[in-house]
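If you read the sequences in order, they're chains S and B. When the letters of the first sequence are read in order and numbered with UniProt numbering, they come out as residues 1 to 252. When the letters of the second sequence are read in order and numbered with UniProt numbering, they come out as residues 1 to 261. Virtual Cβ for every residue (Gly too), placed ideally from N, Cα, C. Note that the structure is a prediction, hence the values are computed from the model and not measured. Contents: one structure, followed by commentary.
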Amino acid sequence: MKLAIKRTLFLVVVVGIWQLVVSMNIFPEVVLPGPVKVMQALFDGFASGSLLVALGASFKHLLIGLSLALLFGTILGVILGKSRQADETAGMYLIALQSIPSIVWVPLSLMLFGFTEFAVIFVVVLGGTFVMALNVRSAIQNVPPQLVKAARTMGTSGAELFYRVEIPASIPYYMTGVRLAWAFSWRALMAGELLSNGPGLGYSLQFASDFARMDQVIGIIIIIGTIGAVVDQLVFSKLEKNVLKRWGLLKS
Amino acid sequence: MFLELKQVGKSYEDQQGRFEVFSDIDLSIEENQFVSILGPSGCGKSTLLSMIAGLEKITDGTILLEGEEISKPGSDRGMVFQEPSLFPWLNVKNNVLYPIKKQLPKNEAEDRVKHFLKMVHLSKFTDHYTYELSGGMQQRVAIARALSMDPKVLLMDEPFGALDEQTRDLMQDELTKIWQETNKTILFVTHSIHEAIKLSDRVIVMGIRPGRIIADINVDLPRPRKRNNPDVVELETQVMDLLKVEIDKVLKEEIDYEASN
Ligand SMILES: Nc1ncnc2c1ncn2[C@@H]1O[C@H](COP(=O)(O)OP(=O)(O)OP(=O)(O)O)[C@@H](O)[C@H]1O
Ligand SMILES: [Mg+2]
Numbered sequence: 001m002k003l004a005i006k007r008t009l010f011l012v013v014v015v016g017i018w019q020l021v022v023s024m025n026i027f028p029e030v031v032l033p034g035p036v037k038v039m040q041a042l043f044d045g046f047a048s049g050s051l052l053v054a055l056g057a058s059f060k061h062l063l064i065g066l067s068l069a070l071l072f073g074t075i076l077g078v079i080l081g082k083s084r085q086a087d088e089t090a091g092m093y094l095i096a097l098q099s100i101p102s103i104v105w106v107p108l109s110l111m112l113f114g115f116t117e118f119a120v121i122f123v124v125v126l127g128g129t130f131v132m133a134l135n136v137r138s139a140i141q142n143v144p145p146q147l148v149k150a151a152r153t154m155g156t157s158g159a160e161l162f163y164r165v166e167i168p169a170s171i172p173y174y175m176t177g178v179r180l181a182w183a184f185s186w187r188a189l190m191a192g193e194l195l196s197n198g199p200g201l202g203y204s205l206q207f208a209s210d211f212a213r214m215d216q217v218i219g220i221i222i223i224i225g226t227i228g229a230v231v232d233q234l235v236f237s238k239l240e241k242n243v244l245k246r247w248g249l250l251k252s
Numbered sequence: 001m002f003l004e005l006k007q008v009g010k011s012y013e014d015q016q017g018r019f020e021v022f023s024d025i026d027l028s029i030e031e032n033q034f035v036s037i038l039g040p041s042g043c044g045k046s047t048l049l050s051m052i053a054g055l056e057k058i059t060d061g062t063i064l065l066e067g068e069e070i071s072k073p074g075s076d077r078g079m080v081f082q083e084p085s086l087f088p089w090l091n092v093k094n095n096v097l098y099p100i101k102k103q104l105p106k107n108e109a110e111d112r113v114k115h116f117l118k119m120v121h122l123s124k125f126t127d128h129y130t131y132e133l134s135g136g137m138q139q140r141v142a143i144a145r146a147l148s149m150d151p152k153v154l155l156m157d158e159p160f161g162a163l164d165e166q167t168r169d170l171m172q173d174e175l176t177k178i179w180q181e182t183n184k185t186i187l188f189v190t191h192s193i194h195e196a197i198k199l200s201d202r203v204i205v206m207g208i209r210p211g212r213i214i215a216d217i218n219v220d221l222p223r224p225r226k227r228n229n230p231d232v233v234e235l236e237t238q239v240m241d242l243l244k245v246e247i248d249k250v251l252k253e254e255i256d257y258e259a260s261n
């Protein structure tokens, strides 16, 4: 609880400074609107339903894109983790692909699929797949050999060894992969939508900026950041922590 | 003979050539016998146990269990490792259930799990996960797990090596009871001379460079064997002298090597 108070207080201070800068009239209000104005813009956006539509569209893209990224990433990662041959041949390129910022994929995607929702989803998939694949690969490669040995003395081998031991043993790394894939996909989604024809949060942001509605721009940035933090804290970090604890990997 | 090792040898191939861990190991073990293996570090005790378990390739000779040649792991041999090797994603009950889950009808399997958890005094902890258990408790679960598949031979590689003296003492007493109740044949690797003599019918002492059996001692003393029993103490001294020669050999070799470099 003490932590919550500290965090709230911090927020209040930041908003206070913001208001102070605005009150000093250094920037014209069109460039830097105050907190109240931004809140008003957010409220209007939700009241008119336009932000809700944008949010809905964004979550749809994310859900489809992230699911596909997790699927492809898992398949790729298992292949690389299981086959030394495949890892030696293609593993290096995966790191190269992973290091490409997702905004780089946007022009490519637009050329391939035009200004469609599919183009956005494609960018999200690329954003999440590689980081997922890398983590799944580590997950498979880091199965403790001791557990495999123990399982073998109990008559487990082949496919059974894979699903009864290797899969559960790799879940901690897998969860880290899921959390990172979400974070990367979320960033990719915004990059993709920014250059799309909408609907979507990124598109709304671009739209607001085109019409010089700084209050909306800041409001949407706040929404994007809030969703990112809340989903990470409430869903993925929690999930990951629980798994690590159960697997005895949490340093306490 | 129940478990028979004939001219068993093990060597590893690497860039520098062949490295022989041991060779010409001949050993016959009777059913229900409790046999300990002592030896300096690196003489190949774990390797030998792994070969009997079917985890390591047998490079020379043959190992027979009830006349059948061993070539891969099987449920007739259970193993307890020194390293923690319980599955952390399963609770205590499901860990013990693991080896028999597919082999037995559900009721029968669960009864068996209950039976062995009771034997190791962990009935109260069936729903706990590994991270909630102490090292000694984890090893007890591992023993129950190995027993649940009803192996003919129980292979134990320094199972109590990481435990404190008092816990270790308790575990030794428990193991003796379990052995008497279940009539298993047990092959027990340890570094503790006292532990070997306290528990076993027979103590095998291994030497190093080359790895081989240097002594095979029958322990004909009534159980329970107290620490200060003069017969126990005498036997301990005897084994200690045997081992000292081997350990000194390794030390001397290392010192000579360093001196020449
Ligand atoms: N995979 C391997 N490749 C090469 N050498 C190995 C391998 N595994 C074990 N060895 C060697 O075999 C020898 C015996 O090892 P082992 O683990 O069986 O010894 P140990 O008697 O169990 O020793 P400790 O008492 O320390 O556990 C050691 O010299 C070790 O270096
Ligand atoms: Mg060993």
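Contact with chain B is found for residue 149/S, since one of that chain's Cβ atoms lies less than 8 Å from the residue's Cβ. Contacts with chain S (Cβ-Cβ distance below 7 Å) from the region 111-143 of chain B involve 129, 130 and 131, listed in chain order.
With respect to residue 81/B, residue 150/S sits close: the two C-beta atoms are nearer than 8 Å. Any Cβ of chain B closer than 8 Å to the Cβ of residue 128/S would place that residue at the interface, and such an atom is absent.
DSSP places residue 127/B in no beta strand (DSSP E); its state is neither H nor E. Contacts with chain S at 8 Å (Cβ-Cβ) include residue 85/B. Against chain S, a Cβ distance below 9 Å from residue 78/B picks out 153 and 154. Distances from the CB of residue 11/B to the heavy atoms of ligand 2 are all 7 Å or more.
Contact between residue 53/S and residue 35/S is absent: CB atoms are separated by about 25 Å, not below the 8 Å threshold.
In this structure, ligand 2 has a non-hydrogen atom nearer than 7 Å to the beta-carbon of residue 45/B. Within its own chain, the residues whose Cβ lies closer than 7 Å to the Cβ of residue 40/B, once the five positions on either side in sequence are excluded, are 208, 243, 246, 247 and 250, listed in chain order.
Of the residues 141/B, 151/B and 55/B, the one whose Cα lies closest to the Cα of residue 76/B is 151/B.
Across the structure, residue 238/B and residue 107/B are spaced so that their CA atoms are roughly 50 Å apart. Every beta strand (DSSP E) of 3 residues or more that sits fully in the region 36-96 of chain B is shown, in chain order, as 60-65 and 77-80. Under the 8 Å criterion on CB atoms, residue 171/S is classed as interfacial with respect to chain B. A distance below 7 Å between beta-carbons, with the five flanking residues on each side excluded, links residue 22/S to the following residues of its chain, in chain order: 32 and 34. Within the DSSP bridge table, the entry for residue 215/B names 205/B as partners. Residues of chain B with a Cβ closer than 8 Å to the Cβ of residue 245/S are, in chain order, 131. Rounded to whole angstroms, the gap between the alpha carbons of residue 227/S and residue 108/S is 27 Å.
Between the C-alpha atoms of residue 191/B and residue 162/B there is a straight-line separation of about 11 Å.
In this structure, residue 153/S lies near residue 78/B, with their beta-carbon atoms less than 8 Å apart.
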